[in-house]
Amino acid sequence: MHSSGQDKAIAQLKRIESASDTGFRVVKVYAQTEDSSYLFILVEINCSNIKSSTDGLQLKSREKFVLRVRDNFPFSYPTVYVSHNRFNGFSHVQWVRHLCLYLSPLTEWNISDGMYGYIERLHQWLVRGAKNSHELDGQPLHPPAVYPGSKDLPSVIIRNDTPSFEGPFWLGFAVMENINEKRVDLVGWQQGLQKPVSGFLSPVILLSENFPFEYPNKAEDLFKQIELLGVKTETVHALSLFSSLVNNNETPLYLIVGSPMRGIKHQKTFQHLSVWSIDELTKNAIGMEIQCADLLTKKVDDEFTANVKKLSIECKEQSMSALKSADMRWCSVQEDRSEVTIRRDNNTSANAYSNKAIALWGCGALGSYIAEILVRSGATHLILRDNKKVTPGILVRQNYEDADIGNWKCDSLKNRLLRINPKVTIETDNDDISSSFNTLAELSEDESNPYDLIIDATASNFVHLSLEEYLKGVTPNVALASVIIGAKASSALFSYFPSVKSGAISDALRKSKIKALKTKNMGNYAKEFWPNQADFLNFQPEPGCSDPTFIGSSIDMMILVGRVMDLLGKSLVSAKSSSTHMLSKNPSEDKDFFLEHSEDLIVDLPDNYQVRFDRKVIKDIYKVISKSKRSGKKVCETGGLLFGQIDHASEIVWITEIMGPPKDSISLPEKFVCGTKGTKEFNSQSSIKTQGSVHYIGMWHTHPVSSAVPSFIDMQGMAGIMCNDGFAAESQMLLIIGHSSKNPEFGIYQFSTSDIQSINSGELEMKFKHNGTIVKEKK
Amino acid sequence: MTDSIPNKGVTFWPVGNGDSTTISISEQVKIQIDLHHMVAAEDDDEEYYPVVDHLTEGLPKIDGTPYLSVFALTHPDKDHIQGFDKLLEQATIGELWLTPRIFIDEELSKEAEDFFNEADRRLKLAIKNNGQLESGDRIRIFGYNTILDDKKFNGFPEELLTLPGDELSLVDGKDMSGEFSAFIHSPFKAEEEEDRNDSSLGMQITLGDEEDNIKVLIFGDLAHEGLRKLIDISKANDNEDKLEWNILLAPHHCSKSIMYTKDENDNNVFQQEMMDDLANYCLDTGYIISSSKSVPSSNKKGDNPPHVIAKDRYEEIVSNDFLCTHNEESEDAEPIVFEKTDDGLSLNGEHISNTSCKDLGASISEARSSGTPPTNTAGFGVL
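Line by line, the protein sequences give chains A and B. FYI, the numbering used here numbers position 520 of the first sequence as 1921, with every residue one higher than the one before it. FYI, the numbering used here numbers position 163 of the second sequence as 459, with every residue one higher than the one before it.
Dropping the structure here:
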C-alpha cells in the first residue's frame, strides 16, 4: 500500500509528465513489497536538449532514473539512482550510481515543492553534469561520500594538515594519540623511522591521483588500486611492520590512505583521508613476524637460525596474505584540518577574534561568557585576570559550574575553555589589576606586545579611573574594549579604542553620559547607566557583600554579551577611532546608540594634571573672540567662564563648555571684568543636566596683544574669585588666550586654595606657582 | 495498419512464449530467425497466431512462390521451430542457417525433426557438391571448427562454416555488404552435456551501412553464464562495438536467468555487471523486445518466463522502451515492426524521435502552478 505521501509523489510526477509532452515520463511505479516503507518509481528525462561538453556526463537522448520515495514523503526527501555505471567517477555520483542532488538536504530540500522541485533539481544536476560544471572554478569540490565507519571502531580526528609532496605518492607514518575508547586523534606526520615522543604510528599512503570515487570494500581491491598507482603491497607491509614494532602491543594498527579529492576546483586540491583499521588477526600475524625477526638476532646455533628463518618467511607470507584478504573496516573520519575545513563561523563577526591574543579583565557575568565566545571564535591566546572566587550565588548567571565553587574564577574558566579547545594558550592571574598596571604584559608599550586586544569586563569604576590615570604617561601597543551592563541588565554599553592612550574608558564613559543625559530619546540608556541615586536599585546578593550590583539573569547576560561581541567584532575590523555603543536587550524598544568620540586637545600641566579640551570649546572661544569689542584701533579683552570637571583622583581636568562674557561684563583693550549675570543659572542647569559632569571650573579671558602669561591683575582676580564667598572650590582653572588678535596661544593654569595668601591688611595675593602650560593652537 | 514486413527493418511476431523474428534487408531479401507458428486450438483461451500465414503473405514472390532468403534457427527448441514444415511447404527457403546442435541432439521434438530432415538433406548435398549449391539447397553452419573432425560433417566445405568472431554479409549467395551484416558471437565450442539453450546462435545484425544503421542483438535462449562469457570474449578481442544495440531481443522470452543467478539456497543473485554492460552497449535509440506472452505483474517461484523482475531491470537501462509482443490491454495481437527509413527509425509506423521537446523546467513550472483564472465566463444561480 502506498502512503498518502507516496500517492502525492506519483500524482506530482504524473502532472509533470502530462505538462511536459515528451520531456518527462513516469515509466513505471514498481510493485511495493509489503515490508518496505519505500516506493520505487522509474522515470525518464528527455535529455536531447542538454548539450554535453567533452569532459562532462555523456547523456543519452533519454535517461532513466529510479526514485526512492519514503512513506513519509514529502517530509523526507527522495533519493535517486541509475541502473547503469555510465555516471561512475563523476562528481556528485556516489557508490557508482547514486546521484547526490543536495549538498545539504535539510536546507535545500523544499518540502512543499515536493517532486516538482526534486525533478527540477535532477534536471539541473544533469545540465551541470553534462558540462562538468557542478563545481564552478573556485568552488569547493564535493568530497567523496563519508562511508559509514564500523560502529565499534573509534572515530579518527584529523588534527594536522597533510604533508605536501611531489611525485605520485607519499609514504610515511601518522602520529596518532588515543584520546579515549571512542576517539583517536591524528596529530602529526613523519617519514623518519623513529618512535614518536608520544602516541603511536600508523602507516600512511598519500596518493597524487584520484582514487575511484567508490572506495574498495576488500583490502585486496585496495591494494590492487594502489599498485596501479605505483605503491607495492610489500611497501604497505613494511610500513605496517615498522609501526607495529614501535607501537606497544595493545595499540591498534591503522592504515591511512589519502587521495587528492578535496579542495577547490581548478585550484590546489587536498587529501581526502580514509582510515582503515587493520583487524586483530592481521595485526597478530604482523606481530609474529616481528617476533621472528627478534629471534633471528639471537645466535643459538645454525639449526635454530635456519628454523627461525623458515618460520620468519612463513610468518611474512601469512601476514601478507592476511593483509590482502582482510575486510576493510573503515573508521569514521572527522576532519579538523584547517586546509580542508571551512569554519562554520566563516564570514561572521566572530572572525575578528580568530588568531588573536586577548587579555580579558574580569571573569564575571560578562567576562565568563565573553571568554567562551573568544575561544570558540578561534582566539589562540588568552590571559584571564580576575581576583574573585566562584561562589554559589553566581551560578545563576555566570559561566561556571557547581564544582568550581571555591576556586578562582580565572582558573575555573581556564579549565572550561581548555575543554572546548585544548590548543588555546591560556594564562590566569588572580591579582588585583588596578594596582599593577605597569606589570601587565598587555599594557606594554613595546612593539613586541603579544596582545592584540584587552577586553575590560570588570565594570569597575576603580579599574577605569586607575587606568585613565596610568595612561597619562604611556601609550601601550594594543587595542582596548570595555563593556559594562546597565543597572537592570536590560542594556549594555561598550567602548572601543583602536589604540590605547590618554582618553580611555572613563573618558568615553563621561562623554557618553553627557550625551545620553542631554539627548531626548536616550532616556532609558541614561537611566540604566547613570541612574539618579533614587532610581538605583540597590541589592545585596549575599549578606556581607556591599558591592552594589545588578539584577539580571543568564539569559540577559547571553543576549547582551552576544550583542556586544557581535558589534565589537565588527568594530575591530573597521573602526578607526574611539567610539561607544549603547545597545538594548530589546532593540525594538531602544535603538542602538553609537557615539564616535572626537579627540580632545590634551595639555599636561607641570604638576601632573592633564587638561582635556573638547574641540568644541576652542571653536566657541574663537567665536567669542571674533565678536570682541573695539576701542579705536585697539581690540578689547574678552572672556567668560569655563565648565567641565576636575577629577582629583586621576588628576584630569575636562573642559567641556564655555560661557562668553556675561551681560554685566566690562570689556576694555587692557581689561576684562567678568560679570555674573546669568552664570549661576547656567551652572546649575548644566550641572543638573549632566548629573555633575559639567559644572563651573574656572575662568577664561584674552590678552589681545600680549602673551598668555597671567598678569598681576589676573592673579588678583583669581584670588578674589576663589575667596569671594568664603568657601572656594579646591582648585580653579584659568585659561588665557594670548596674542588673541593675531597669533593666539593658550595658557592654561590651575590655581589651588593653598596658593592664596593673605598679606598686610587682609589683601589677598595669589602666589604664582607657575602651574601652567602654554600651547599654540591653530584657529 | 502498417505492413508487417517492411522493406528494411525488423518484425517481431506475437507468437506467445516463442520467437519469430523477421529481418528485412531489402524488398527482396528477408531473413526469418526462429519460428513459433501457433495453430488454432480447441481451447478458445489459448492464444492463436498463425505466423507462417502472415509471413508468407508478406514475403516477396518468385514465380508466384513466396521466397525467404534465409531461415536461421538459434537452437532447436520447439518454441523456436514450430511450424517449419508448413513454412517449407509454402515458401522457398534459399538458405538455412543453423548451429551444429541439431545434428548432435538426441532428443529432438517432432517439430525439430522436420527441420533436422531438411538440414540433413542440405548438409549431405553440400558435402556431395563440395559447397556448390543453388538457392533452395543452401546451408550455413555457425559454430566451432572442431565439428569438421566429426564423421557427420566429414567433407563439409569450410567456406560454409562461420565461426564466432566472423562477420557475414552473404545472404543466400548474394553479397549484401553495405546493407546487412551479421557478427557472430556464439555458439562457442559445445561443453559436454550443455543445455540446449546455451548452444544458441548469438549475433549482432547490422542493417544499413557504417554511417547509418540499426543494430539488433539476438541471443536465442542464452542465460547469464553464456552471455557473460560472450561479452567477456568480445571485450578481450576489442569487439565491444559488436555488442552495441538499438534493438535487443530479450533472451529466452524475458527470462530473469540473464541477470539473476541462483545461490546455493536457490535465491536470486542479481548480476549488476551484466546490466551495466547491456546498458553501456545500448545506443541512443534503444528498445528491448520481449517475445513472449504479456509480462505478469508478479511471478511465483519456478514460473517460466517472462519474468517481471527481468522486465524491471530491462526498463531501467533501455534508452527508449521495453516492449512485449503481447500486452494485456490489446485484444488483437499485432507484430512489433521497426522500419529503417531514410530519416531514422519508425516503430509501428510512427517515427521515433529523440529530439525534444519542451524545456523541462518550464513543464515543471506549468505542472506546479495552481492554475490561472478561467478565460470563459461561468454562470451561477439558484435554478
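Even for Gly, the Cβ is constructed at its ideal location relative to N, Cα and C.
Where Asn1581/A sits in the DSSP three-state scheme = Position 180 of the first sequence, counted from the start, is the residue given in the question as residue 1581/A. The answer is strand: DSSP assigns Asn1581/A an E or B state.
What number of angstroms, rounded off, separates the C-alpha of Gly522/B from the C-alpha of Leu1440/A?
-> For the purposes of this step, residue 522/B is taken as the residue at position 226 of the second sequence. For the purposes of this step, residue 1440/A is taken as the residue at position 39 of the first sequence. Using only the alpha carbons, I get a separation of about 34 Å.
Val1430/A at chain B interface by Cβ criterion, 8 Å | Within the first sequence, the letter at position 29 stands for residue 1430/A. False, the Cβ-Cβ gap to chain B never drops below 8 Å.
Quick one: which residues of the stretch 615–631 of chain B get their C-beta closer than 9 Å to a C-beta of chain A? List them in chain order.
-> Ser615, Asn616, Asp617, Phe618
Contacts around Ala1905/A, its chain only, beta-carbon distance under 7 Å, and the 5 residues preceding and following it disregarded | As a position in the first sequence, residue 1905/A is number 504, starting the count at 1. Here the set comprises Leu1868, Glu1869, Leu1872, Leu1881, Phe1898.
In whole angstroms, what separates the C-alpha of Leu1775/A from that of Ala1976/A?
-> Along the first sequence, one-based indexing puts residue 1775/A at 374. Along the first sequence, one-based indexing puts residue 1976/A at 575. About 19 Å.
Starting from Phe1838/A, trace the alpha helix (DSSP H) both ways and give me its first and last residue.
-> Residue 1838/A sits at position 437 when you count from the first residue of the first sequence. Where Phe1838/A is concerned, there is no enclosing alpha helix (DSSP H), given that its DSSP letter is neither H nor E.
Can a CB atom of chain B be found closer than 8 Å to the CB of Gly1424/A?
-> The count along the first sequence starts at 1 and reaches residue 1424/A at position 23. Output row for Gly1424/A: interface = yes.
Which value, in whole angstroms, describes the spacing of the CA atoms of Leu1587/A and Cys1448/A?
-> Counting from one through the first sequence, the residue named residue 1587/A turns up at place 186. Counting from one through the first sequence, the residue named residue 1448/A turns up at place 47. The alpha-carbon atoms of Leu1587/A and Cys1448/A are separated by roughly 46 Å.
Could you confirm whether any beta carbon from chain A is found closer than 8 Å to the beta carbon of Met570/B?
-> The residue you call residue 570/B lines up with position 274 of the second sequence. With 8 Å as the cut-off, Met570/B does not count as an interface residue toward chain A.
Taking Glu646/B as the query, report the chain A residues whose CB atoms sit under 7 Å from its CB, ordered along the chain.
-> By one-based count along the second sequence, residue 646/B stands at place 350. None at all; the shortest Cβ gap to chain A is about 12 Å.
What are the start and end residues of the alpha helix (DSSP H) that includes Ile1821/A?
-> The residue you call residue 1821/A lines up with position 420 of the first sequence. Residues 1810–1821.
Residues bridged to Phe1601/A [DSSP beta-bridge criterion] | To locate residue 1601/A, count along the first sequence from 1; it is residue 200. DSSP lists Met1577/A as partners of Phe1601/A.
Contact the stretch 1802–1818 of chain A vs the stretch 1841–1858 of chain A: 3+ CB pairs below 8 Å | no
For Asp1586/A, which beta-bridge partners are listed by DSSP?
-> Sequence index remark: in the first sequence, residue 1586/A carries index 185 (1-based). DSSP lists Ile1558/A, Glu1578/A as partners of Asp1586/A.
Measuring CA to CA, which of Arg1820/A, Glu1621/A, Phe1705/A is closest to Met1721/A?
-> The residue labelled residue 1721/A in the question sits at position 320 within the first sequence. The residue with the shortest Cα to Cα distance from Met1721/A is Glu1621/A.
Just checking my contact of Leu1656/A with Ile1679/A at CB under 8 Å: how many whole Å lie between their CB atoms?
-> Counting from one through the first sequence, the residue named residue 1656/A turns up at place 255. Counting from one through the first sequence, the residue named residue 1679/A turns up at place 278. Right, their Cβ atoms sit about 6 Å apart.
If you draw a straight line from the alpha carbon of Asn2172/A to that of Ser2153/A, how long is it in whole angstroms?
-> Here residue 2172/A corresponds to residue number 771 of the first sequence, with the count starting at 1. Here residue 2153/A corresponds to residue number 752 of the first sequence, with the count starting at 1. Cα to Cα, the separation comes out at about 10 Å.
Meets three-Cβ-pair contact criterion under 8 Å: the stretch 625–645 of chain B and the stretch 1414–1432 of chain A = no
For Lys654/B, which residues in chain A fall below 7 Å Cβ to Cβ?
-> In the second sequence, residue 654/B corresponds to position 358, counting from 1. Ser1421, Asp1422, Gly1424, listed in chain order.
Sub-8 Å separation of Pro310/B and Tyr363/B beta-carbons | For the purposes of this step, residue 310/B is taken as residue 14 along the second sequence, with counting starting at 1. For the purposes of this step, residue 363/B is taken as residue 67 along the second sequence, with counting starting at 1. No, these two residues do not count as a Cβ contact at 8 Å.
For Ala546/B, the first and last residue of its enclosing alpha helix (DSSP H) = For the purposes of this step, residue 546/B is identified with residue 250 of the second sequence, where counting begins at 1. Neither: Ala546/B is in no alpha helix (DSSP H) and is coded neither H nor E.
Chain A contact for Asn650/B (CB, 8 Å cutoff) | Locating residue 650/B in the second sequence gives position 354, where the first residue counts as 1. Yes, its Cβ sits closer than 8 Å to a Cβ of chain A.
Closer than 7 Å by beta-carbon distance: list the chain B residues that pair up with Arg1416/A, in chain order.
-> The residue labelled residue 1416/A in the question sits at position 15 within the first sequence. Residues of chain B passing the Cβ test: Ala663.
Name the DSSP beta bridge partners of Gln2046/A, please?
-> For the purposes of this step, residue 2046/A is taken as residue 645 along the first sequence, with counting starting at 1. Paired residues: Trp2055/A.
Boundaries (first-last residue) of the alpha helix (DSSP H) holding Glu1521/A | Start at 1 with the first residue of the first sequence, and residue 1521/A comes out as number 120. Note, Glu1521/A: alpha helix (DSSP H), 1515–1531.
Comparing the C-beta of Asn1511/A with each C-beta of chain B, is any distance below 8 Å?
-> By one-based count along the first sequence, residue 1511/A stands at place 110. False, the Cβ-Cβ gap to chain B never drops below 8 Å.
When DSSP labels each residue in this structure, what does Tyr344/B get in the three-state scheme?
-> What you label residue 344/B is simply residue 48 of the second sequence in a count that begins at 1. It is coil, neither helix nor strand.
Could you tell me whether any Cβ in chain A is nearer than 8 Å to the Cβ of Ala575/B?
-> Taking the first residue of the second sequence as 1, we reach residue 575/B at position 279. So, interface residue.
Spell out whether any CB of chain B is found under 8 Å from the CB atom of Tyr1517/A.
-> Taking the first residue of the first sequence as position 1, residue 1517/A is located at position 116. It does; some Cβ of chain B falls within 8 Å.
Check distances from the C-beta atoms of the stretch 1471–1493 of chain A to those of chain B and list, in chain order, the residues that come in under 7 Å.
-> Ser1484, His1485, Asn1486, Arg1487
Neighbourhood of Asp1713/A by C-beta distance below 6 Å, restricted to the same chain and skipping five residues each side | Position 312 of the first sequence holds residue 1713/A. What sits at residue 1713/A in the sequence shown is Ser, not Asp. Counting only Cβ-Cβ distances below 6 Å, and skipping sequence neighbours, we find Cys1693.
Can you find a C-beta in chain B that's less than 8 Å from the C-beta of Lys1465/A?
-> As a working mapping, residue 1465/A is identified with position 64 in the first sequence. Answer yes: the Cβ-Cβ gap between Lys1465/A and chain B drops below 8 Å somewhere.
Span of the beta strand (DSSP E) holding Cys1693/A?
-> Within the first sequence, the letter at position 292 stands for residue 1693/A. Premise fails: Cys1693/A lies in the alpha helix (DSSP H), 1681–1697, not in any beta strand (DSSP E).
How about Ser1609/A and Gly1573/A: are their beta carbons less than 8 Å apart?
-> The residue you call residue 1609/A lines up with position 208 of the first sequence. The residue you call residue 1573/A lines up with position 172 of the first sequence. No.
When the distance is taken between beta carbons, is Ala1420/A closer than 8 Å to Gly1515/A?
-> As a first step, residue 1515/A must be located in the first sequence, where it is residue number 114. As a first step, residue 1420/A must be located in the first sequence, where it is residue number 19. No; because the gap between Cβ atoms is not below 8 Å, this pair is not in contact.
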